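Undergrad:
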Amino acid sequence: MNKMKNFKRRFSLSVPRTETIEENRVKTEQINQLNIRRNEGKRTAHPFSAGL
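Okay, structure coming up:
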């Protein structure tokens, strides 16, 4: 009985946990915000390089 509990515990820790939809949405939103900030920084730092 105890061996089975230990096996289940080890197995559950070794298998990657799937993300919930909410976790995935939050992560996507964070990436989008970083990309927006990075792109805005490029536009303001190099206003004349867009035509090159």
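The opening position of the sequence shown corresponds to residue 11 in the numbering used here, with each subsequent residue numbered one higher. In this text, a Cβ means the ideal position worked out from N, Cα and C, and glycines have one as well. Being a predicted model, the structure only gives us computed values, none of them experimental.
Kindly list the residues whose CB is nearer than 8 Å to the CB of Phe29, restricted to its own chain and excluding five residues on each side of it in sequence; keep chain order.
TA: The count along the sequence shown starts at 1 and reaches residue 29 at position 19. First, the amino acid is wrong: residue 29 is Glu here, not Phe. For Glu29, where only same-chain residues beyond five positions count, the Cβ hits under 8 Å are Lys37.
Undergrad: Do you know offhand how far Phe21's Cα is from Lys13's?
TA: Against the sequence shown, residue 21 aligns to sequence position 11. Against the sequence shown, residue 13 aligns to sequence position 3. For Phe21 and Lys13, the distance between alpha carbons rounds to 12 Å.
Undergrad: Do you know how far the Cα of Pro26 is from the Cα of Lys15?
TA: Taking the first residue of the sequence shown as position 1, residue 15 is located at position 5. Taking the first residue of the sequence shown as position 1, residue 26 is located at position 16. So the alpha carbons of these two residues sit roughly 19 Å apart.
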